[in-house]
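S.K.:
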């Protein structure tokens, strides 16, 4: 039986974290959890926003610093850095890294495969 109230449907895993990160990026500087709450269209409780921020802090996706009696929050990286963090976490959760990377590489479009080769060469030159 489905719940007729659409507000009670569960969000996809990570969707709320993505919304919070998007709000932090939109802010362009340090903001309070209250600011994040006000700028999310979801109408979330303050405690929910704080829980999401705490989870993101544990994942090193955000940073915080004390200002007065509260904390202000910032994304830890730009959007490309956060995407890379997500990719690494997925890879870290797999048992056969070699197989996952091999499948990833063979599924890349030709232009992306060439870009990856160039980036790997560049990284090798820098080390």
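Numbering (this note's numbering), first residue to last: 1 to 127.
C-beta: ideal position from N, C-alpha, C; glycine also.
Everything numeric in this text was worked out from a predicted model, so none of it was measured.
1. Output needed for residue 25: all residues of its chain with C-beta closer than 7 Å, excluding positions within five of it in sequence on either side, in chain order.
2. Give the range of the beta strand (DSSP E) segment to which residue 16 is assigned.
3. For residue 134, name the three-state secondary structure that DSSP assigns.
4. Could you tell me whether any Cβ in chain E is nearer than 8 Å to the Cβ of residue 39?
5. Please specify which runs of the alpha helix (DSSP H), each continuous and at least 4 residues long, are wholly inside the segment 34-78, giving them in chain order.
6. Can you tell me whether residue 102 is buried or exposed? The criterion is at least 16 other CB atoms within 10 Å of its CB, across all chains shown.
7. Within the continuous alpha helix (DSSP H) that includes residue 100, where are the two ends?
8. With contact counted as at least three CB pairs below 8 Å, one residue from each stretch, are the segment 28-41 and the segment 59-78 in contact?
9. Give the DSSP-derived three-state secondary structure of residue 116 in the structure shown.
10. Rounded to whole angstroms, what is the Cα-Cα separation between residue 47 and residue 18?
11. According to the neighbour-count rule (16 or more other Cβ atoms, all chains shown, within 10 Å of its Cβ), is residue 37 buried or exposed?
12. So, for residue 53: in the same chain, excluding its five sequence neighbours on each side, which residues have a beta-carbon less than 8 Å away from its beta-carbon?
13. What is the rounded straight-line gap between the Cα of residue 56 and the Cα of residue 82?
M.R.: With the structure as the only source:
1. On the chain shown, residue 25 is found 25 positions in, with the first residue counted as 1. Result list for residue 25: 75 and 79, in chain order.
2. Walking along the chain shown from the start, residue 16 turns up at place 16. Premise fails: residue 16 lies in the alpha helix (DSSP H), 15-27, not in any beta strand (DSSP E).
3. Absent from the structure is residue 134, since the part of the chain shown begins at 1 and ends at 127.
4. As a matter of chain content, chain E is missing from the structure shown, which is built from one protein chain.
5. Those alpha helix (DSSP H) runs which fall completely within the segment 34-78 and span 4+ residues are 46-58.
6. In the chain shown, the residue the question calls residue 102 occupies position 102. So residue 102 ends up on the exposed side.
7. By 1-based counting over the chain shown, the position of residue 100 is 100. Looking at the DSSP string, the run of the alpha helix (DSSP H) that includes residue 100 is 97-106.
8. Cβ pair count under 8 Å is three or more, so yes.
9. Indexing the chain shown from 1 puts residue 116 at position 116. Looking at residue 116 - three-state DSSP - the assignment turns out to be helix.
10. Looking up residue 47 in the chain shown gives position 47. Looking up residue 18 in the chain shown gives position 18. A straight-line Cα-Cα distance of about 17 Å links residue 47 and residue 18.
11. Along the chain shown, read from residue 1 onward, the residue named residue 37 stands at position 37. Burial call: buried.
12. Residue numbering aside, residue 53 sits at position 53 when the chain shown is read from its first letter. Cβ contact annotation for residue 53 (same chain, cutoff 8 Å, sequence separation greater than five): 20, 33, 36, 62, 64 and 73, in chain order.
13. Translated into the one-based positions of the chain shown, residue 56 becomes position 56. Translated into the one-based positions of the chain shown, residue 82 becomes position 82. The alpha-carbon atoms of residue 56 and residue 82 are separated by roughly 11 Å.
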